[in-house]
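Chemist:
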Amino acid sequence: MTRILAAAGIALLLVAPLLTGNTFYQHLMIMVLFSTLLGTSWNLLGGFAGQVSFGHAAFLGVGAYTTMLFYLKLNLSPWLGMLAGGGLGALFALPIGLICFRLRGPYFSLATLAVAEIVRLVALNWEQLTNGPVGLLITTLPQISIAGRAIDWESKIPFYYLVATLAVLAMTLIYAVSRSRFGAYLAAVREDIDSAEAVGIDSVRVRVLALALSAFVAGVAGGFYALYFRYIDPDAVFAISLSVEMVFIAVVGGLATTAGPIVGAVVLVSVAEVFRERFAAGHLIFYGLFMMLVIRYLPEGIWGRLRLLFRFAQG
Amino acid sequence: MEIFLQSVVSGVLTGSLYAMIAIGLTIVFGVMRIINLAHGEMVMLGMFGAYWSYVLWGLDPFVSVVLWSPLMFAGGMLAYRFLLKDVIPKGELNTLLYTAGLSLFIANLALFFWTGDYRTLNLPYALMPARPFGIAVPIALAIAFGMAIALTAALYVLLSRTDLGRAIRATAQDPQSAALMGVNVQQISMITFGLGTALAGAAGVLLVPSLYLYPTVGEILIVKCFVIVVLGGLGSVPGAIAGGILLGLVESLGAVYVSVAYKDTIGFVLFLLVLLFRPAGLFGVGRT
Amino acid sequence: MPHILKLLAAVSFSLALSSGALAQDTLKIGAPQPMTGPDAPFGDKFLKAYSMAVDEINSQGGVNGRKIEVIIEDHQAKNPLAATVAEKLITQQQVLVLTGGRASGQAVEIASVAQRLKTPYMVDHPSADIVTAKGFEWVFRNNPTGSIYPEAFNKFISDVPGAMPKSAAIVYDNTVFGKTIANSAMTFLKSKNVAIVNDEAYPVNSLDFKPIMTKVKASNPDYVLMVAVSTTDAILMTRHAKEIGLTPRAFVGFGGGFGVVDFSKQLGPLAENVFSSAAWSGNPNEPITKEFYAKFKAKYGFLPKEHEVEGYSAIYIIADALKRAKLTGNLDADREAVRQALLKTDMTTVFGKVKFGNWTGPLGDQYTNQNIYSPEHSVLAQWKNGELLNVWPKSNAETAYTFPGS
Chain A
-7 MTRILAAAGI ALLLVAPLLT GNTFYQHLMI MVLFSTLLGT SWNLLGGFAG QVSFGHAAFL
53 GVGAYTTMLF YLKLNLSPWL GMLAGGGLGA LFALPIGLIC FRLRGPYFSL ATLAVAEIVR
113 LVALNWEQLT NGPVGLLITT LPQISIAGRA IDWESKIPFY YLVATLAVLA MTLIYAVSRS
173 RFGAYLAAVR EDIDSAEAVG IDSVRVRVLA LALSAFVAGV AGGFYALYFR YIDPDAVFAI
233 SLSVEMVFIA VVGGLATTAG PIVGAVVLVS VAEVFRERFA AGHLIFYGLF MMLVIRYLPE
293 GIWGRLRLLF RFAQG
Chain B
658 MEIFLQSVVS GVLTGSLYAM IAIGLTIVFG VMRIINLAHG EMVMLGMFGA YWSYVLWGLD
718 PFVSVVLWSP LMFAGGMLAY RFLLKDVIPK GELNTLLYTA GLSLFIANLA LFFWTGDYRT
778 LNLPYALMPA RPFGIAVPIA LAIAFGMAIA LTAALYVLLS RTDLGRAIRA TAQDPQSAAL
838 MGVNVQQISM ITFGLGTALA GAAGVLLVPS LYLYPTVGEI LIVKCFVIVV LGGLGSVPGA
898 IAGGILLGLV ESLGAVYVSV AYKDTIGFVL FLLVLLFRPA GLFGVGRT
Chain C
88 MPHILKLLAA VSFSLALSSG ALAQDTLKIG APQPMTGPDA PFGDKFLKAY SMAVDEINSQ
148 GGVNGRKIEV IIEDHQAKNP LAATVAEKLI TQQQVLVLTG GRASGQAVEI ASVAQRLKTP
208 YMVDHPSADI VTAKGFEWVF RNNPTGSIYP EAFNKFISDV PGAMPKSAAI VYDNTVFGKT
268 IANSAMTFLK SKNVAIVNDE AYPVNSLDFK PIMTKVKASN PDYVLMVAVS TTDAILMTRH
328 AKEIGLTPRA FVGFGGGFGV VDFSKQLGPL AENVFSSAAW SGNPNEPITK EFYAKFKAKY
388 GFLPKEHEVE GYSAIYIIAD ALKRAKLTGN LDADREAVRQ ALLKTDMTTV FGKVKFGNWT
448 GPLGDQYTNQ NIYSPEHSVL AQWKNGELLN VWPKSNAETA YTFPGS
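Below, the structure written as structure tokens:
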């Protein structure tokens, strides 16, 4: 069943942008896939490993700035830049993990929040490196050719396929993790750290690895953000609201599920757009209400609930 | 020397402001283990209450606090009963996100009805500060400081000397044992949440003559709250007060003697250090 | 009552008139603005200004017989959203030209989108130099850049005898707005050998300025210069400065927060004699500007300032270009035609004269399509009795300045 869904999903993904000539809809699709990437990143640490982080924007921001700076100052190709962004994000996560994983529960969450804010303030003030509040702007993307044809960066299509590939790769990673022994360790740690340690699992190492993978994905997503939006400043990429949004995508979709984030992303992006259209002045009122209703009635997430219903239907 | 004294006085007074806001958050966390992200909005509602009662009925906020506290208490209890009660069993993360949605909802509802215009409440008798020994002491802030102390003392008496207070503390320590001892945990939770909301509202009322108000002011306040609550120890009221004053001092002295640009960073670094090395708070009175 | 009207106005402005015959006839102007979130009050100012201009133009026959319409989209003061709604306006609503933006971060995103999607963007208010300093030929700006804001102040201290500060403390917010203006002011002061005794960048939306002002007081500066993009910062900063007992020869505010009516409403007597450099809102001694102020006040109940004048003028500039552009119905060609028309703009609005050109700014930025009259569009004003009155240069002055020793 899952394989059929996955295959159908990938097929849809491949043709989606070609179904419409409307660049705005293509943009929305890109936003959905970008949000999926964010949700997947967070889900790895928060859903599978049970470590609720409120500072994931830090890794996204690190990735974004890395990619931007490598491109603008060192002329490094954006592909490599994104990888570098992911890599630096992961590297950055190591000391953070070692520090924060000494804490549990809400203390851990608050610590991640503090870390993200510190990173934001440093980015804001360390002008020699980040250009401070003025931010960094890309005016032209490099001439890159694939299979002999130059990429037209003015069109949304290359960005779509780029983010779609990233999203699929990330989801595959999660799927692989969930099926592996590592995934079992994560589940054990999520349920009860002490019991996990008691059976010989090195919970710190397991969590740090999960964090590093999660940060890698977030960093790569940050790199994509930089290339797609072409402008970053500390308040855009290190914002608390971005961290909270990442959590929300994963939770609304369904924690600890592979497909949860994409469902969450689709729902949230559409809802935000529809509310902005129909309610103009008061749209955030309805968005807040929507958040409350989903959490109240679908705490296992939309996809989580669908899965339960499937299982129920199958008997 | 004068600079140092002025920094200290400013820091302590501003810190007490912060502390007032944080007390409500820490109580709710202590008893119910929930981090209420809508806390800032409750402060905002208190601020608007004080503002409207001043503008429409001429009530001085230091008087209208007596009106708004019980109203917010009732409001908080209703919010618990009809909104939070069914969400809490779904887990800490879900509850937290629920309050995030609530925060968005309340702030934007307020924005819609009251517009985003910045307002201040200027008390005619508090325009210029008092200057004992040449140190500027803003009057409204000093009065708020005094009333905050009174409120905290009252809270202390409630928590330590009354049966209700004992029940609250018992629930905070261990809800299951408390239930076994005959405490109606649901009811206590409801009362605690009402109390937390009332304290937030009262803080808003006392604050408004010294600050400013607009519907989304909550988002700035809430982050400061977290820092204080952790510094002082999650769940501890005296800890929140001490934490608030400490933060006020650190920011004030930090701005003057270290760097203005990084003054917020200092607070966060301190926050992290406390979390790591003294998770029960600087004074060791918080829950771990 | 007003809330419902506002909701209706906002809804009618932001829903695309995609069905019905009207769509073919109206000339569409897109305007991303913050309609919700902390910047909402500013979005509202532009809504009022745009509507007034649109109503006037349409009631006088529109542009070449066709009505114009402004479609406002809410970007909530978030950069990625600004990019999103700009794209939406360009591709979904198919507007001919963009304006608005409000804050610099969002404006940069919108400019980037406009440049790539080849749609003219006539900037009305955002001041970040970078918006017209990147060589974007599709982006035009009527209002002065941040680095130009201190011009009038610079002229004042140079021209008025005894006004050159002996020392200056400068306190500014850690945003692109604050830093640019502070930089520009300090560069000028340094060139005149004025000692900068404090250079403090504070985090925007601070709750407490007493520590900063304590520090400043210790250096005993001759002038205290304050930059605040946020109204709350401007108000609190001034109040705390006075509470701490700072008594420089002059308090000079730069930027948004110091030029809005809330500043004096909330501070009362504490606002008296505070200078404000940059809050250019047209020359009040010009008849058309005076007439606009009266009309606006009659309709909305308060005097228009910077934002309202800029928004109103922007629509007139765009309408002027639309009138001269040969529109054929082919969207791409029409946008290019509007761009060409904008390049040839040479007119006077209630804001002032406007002609777009390429020149170098005070901090060395190379501008493209920046209003060549911008250096004139900086004025030094002073708060007197709750009113913000221009005091320098003399040609724009509404009243004499109040200054110790003058």
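Chains as they are written, first to last, in my numbering: chain A, -7 to 307; chain B, 658 to 945; chain C, 88 to 493.
Note that the Cβ used here is the ideal one computed from N, Cα and C, for glycine as well.
#1: Of the choices B:Gly839, B:Met699, B:Ala937 and B:Leu930, whose alpha-carbon is the least far from that of Lys106 of chain A?
#2: Nearest to Thr113 of chain C by CA position, among C:Asp126, C:Glu156 and C:Glu463, is which residue?
#3: Kindly identify the DSSP beta-bridge partner or partners of Val339 of chain C.
#4: Alpha carbons only, please: which of C:Pro374, C:Glu196, C:Gly265 and C:Asn230 is nearest the one belonging to Phe223 of chain C?
#5: Can you say whether Asp743 of chain B is buried or exposed, counting buried as having 16 or more other CB atoms within 10 angstroms of its CB?
#6: Given a cut-off of 8 Å, decide if Ala757 of chain B and Gly901 of chain B are closer than it, judged by their beta-carbon atoms.
#7: Would you please state the rounded distance, in angstroms, between the beta carbons of Val259 of chain A and Val244 of chain A? I believe it to be under 8 Å.
#8: List the residues of chain B whose Cβ lies closer than 7 Å to the Cβ of Tyr99 of chain A, in chain order.
#9: Measuring CA to CA, which of C:Val291, C:Asp246, C:Val281 and C:Glu160 is closest to Val263 of chain C?
#10: Hey, could you find the ends of the beta strand (DSSP E) Glu156 of chain C is sitting in?
#11: When the cut-off is 8 Å and only beta carbons count, does Tyr755 of chain B lie next to chain F?
#12: Quick one: what's got a C-beta closer than 6 Å to Lys132 of chain C's C-beta in the same chain, skipping five residues either side?
#13: At the level of alpha carbons, what is the spacing between Glu269 of chain A and Gly13 of chain A?
#14: With 16 as the cutoff for other CB atoms within 10 Å, does Asn445 of chain C come out buried or exposed?
#15: Using the Cβ count rule (16 or more neighbours within 10 Å means buried), how would you classify Phe304 of chain A?
#16: Buried or exposed for Ile110 of chain A, please, with buried defined as at least 16 other CB atoms from any protein chain shown within 10 angstroms of its CB.
#17: 8 Å is my cut-off, CB to CB: does Glu189 of chain A come that close to chain B?
#18: From Ala424 of chain C to Glu698 of chain B, what does the alpha carbon distance come to, in whole angstroms?
#19: Looking at the secondary structure, which residues open and close the alpha helix (DSSP H) in which Val291 of chain C lies?
#20: Any idea what DSSP makes of Asp194 of chain A, helix, strand or coil?
#21: Check the Cβ of Tyr223 of chain A against every Cβ in chain C and list those closer than 7 Å, keeping chain order.
#22: Let's test the definition: count the other Cβ atoms within 10 Å of the Cβ of Tyr259 of chain C and tell me whether it reaches 16, buried, or not, exposed.
#23: Would you report the Cα separation of Ile405 of chain C and Gln202 of chain C, rounded to the nearest angstrom?
#24: So with CB distances below 8 Å, who are the chain B contacts of Gln353 of chain C?
#25: For my contact list, Leu52 of chain A and Leu300 of chain A are in at a C-beta cut-off of 8 Å; report their separation, rounded to the angstrom.
#26: Would you list the residues sitting across from Tyr208 of chain C in a DSSP beta bridge?
#27: Under the rule that 16 or more other beta-carbon atoms within 10 Å means buried, what is Asn841 of chain B, buried or exposed?
#28: State buried or exposed for Ile2 of chain A, treating a residue as buried only when at least 16 other CB atoms are found within 10 Å of its CB.
#29: At least one CB of chain A closer than 8 Å to the CB of Gln453 of chain C: is that the case?
#30: Rounded to a whole number of angstroms, what is the C-alpha to C-alpha distance between Ala110 of chain C and Asp421 of chain C?
#31: Give the single residue among A:Tyr63, A:Leu11 and A:Leu86 whose Cα lies nearest to the Cα of Ala204 of chain A.
#32: Taking the C-alpha atoms as reference points, what is the distance between Gln663 of chain B and Pro866 of chain B?
#33: Give me, in chain order, the residues of the same chain whose beta-carbon lies closer than 7 Å to that of Ser400 of chain C; leave out the 5 immediate sequence neighbours on both sides.
#34: Rounding to the nearest angstrom, what Cα-Cα distance links Lys205 of chain C and Glu119 of chain A in this structure?
#35: Where do the N-terminal and C-terminal ends of the alpha helix (DSSP H) with Ser254 of chain C fall, by residue?
#36: Any Cβ of chain B within less than 8 Å of the Cβ of Pro128 of chain C?
Modeler: By the coordinates alone:
#1: What sits at residue 106 of chain A in the sequence shown is Ala, not Lys. Closest in alpha carbon position to Ala106 of chain A, among B:Gly839, B:Met699, B:Ala937 and B:Leu930, is B:Leu930.
#2: Nearest C-alpha to Thr113 of chain C: C:Glu156.
#3: Residue pairing of Val339 of chain C in beta bridges, as defined by DSSP: C:Leu312 and C:Phe362.
#4: When each option's Cα is compared against that of Phe223 of chain C, the closest is C:Glu196.
#5: In the assembly as shown, Asp743 of chain B is an exposed residue. Its beta-carbon has fewer than 16 other beta-carbons within 10 Å.
#6: Not closer than 8 Å, so no.
#7: Right, their Cβ atoms sit about 6 Å apart.
#8: The CB of Tyr99 of chain A comes closer than 7 Å to the CB of Leu932 and Pro936 in chain B, given here in chain order.
#9: Ranked by Cα distance from Val263 of chain C, the first of C:Val291, C:Asp246, C:Val281 and C:Glu160 is C:Val291.
#10: First-last of the beta strand (DSSP E) with Glu156 of chain C: Ile155 to Asp161.
#11: No chain F appears in the structure shown, which is made up of the protein chains A, B and C.
#12: Take Lys132 of chain C, set aside five residues on each side of it, and the residues of its chain with a beta-carbon closer than 6 Å to its own are His394 and Glu395, in chain order.
#13: The alpha-carbon atoms of Glu269 of chain A and Gly13 of chain A are separated by roughly 21 Å.
#14: When all chains shown are included, Asn445 of chain C counts as exposed.
#15: It is exposed - the Cβ of Phe304 of chain A has fewer than 16 other Cβ atoms within 10 Å.
#16: By the neighbour-count rule (16 or more Cβ atoms within 10 Å), Ile110 of chain A is buried.
#17: Taking Cβ atoms only, chain B never reaches closer than 8 Å to Glu189 of chain A, which makes this a no.
#18: Each residue's Cα considered, the two are about 50 Å apart.
#19: Segment: none, Val291 of chain C is in no alpha helix (DSSP H) and carries neither H nor E.
#20: Residue state, collapsed to three classes: coil.
#21: Going along chain C in sequence order, the residues near Tyr223 of chain A (Cβ under 7 Å) are Asn166, Val195, Glu196 and Ser199.
#22: Flag for Tyr259 of chain C reads buried.
#23: If I take the Cα positions, the gap works out to 17 Å.
#24: What Gln353 of chain C touches in chain B: Tyr775, Arg776, Thr777, Asn779 and Tyr869.
#25: Between Leu52 of chain A and Leu300 of chain A a beta carbon distance of about 31 Å is seen, past the 8 Å cut, so the two are scored as non-contacting.
#26: Paired residue(s): C:Leu185 and C:Val226.
#27: With fewer than 16 other Cβ atoms within 10 Å, it is exposed.
#28: Exposed is the call here.
#29: Cβ-Cβ to chain A under 8 Å: no for Gln453 of chain C.
#30: With a pLDDT of 43 at Ala110 of chain C, under the threshold of 50, the modelled position of that residue is not reliable, and no figure is offered here.
#31: Answer by Cα proximity: A:Leu86.
#32: Their backbone Cα atoms lie some 21 Å apart in a straight line.
#33: Cβ neighbours of Ser400 of chain C beyond the five flanking positions: Asn229, Thr436, Val437 and Phe438.
#34: The straight-line gap from Cα to Cα measures roughly 32 Å.
#35: Per DSSP, Ser254 of chain C belongs to no alpha helix (DSSP H); it is in the beta strand (DSSP E), Ser254 to Asp260.
#36: The Cβ of Pro128 of chain C sits closer than 8 Å to at least one Cβ of chain B.
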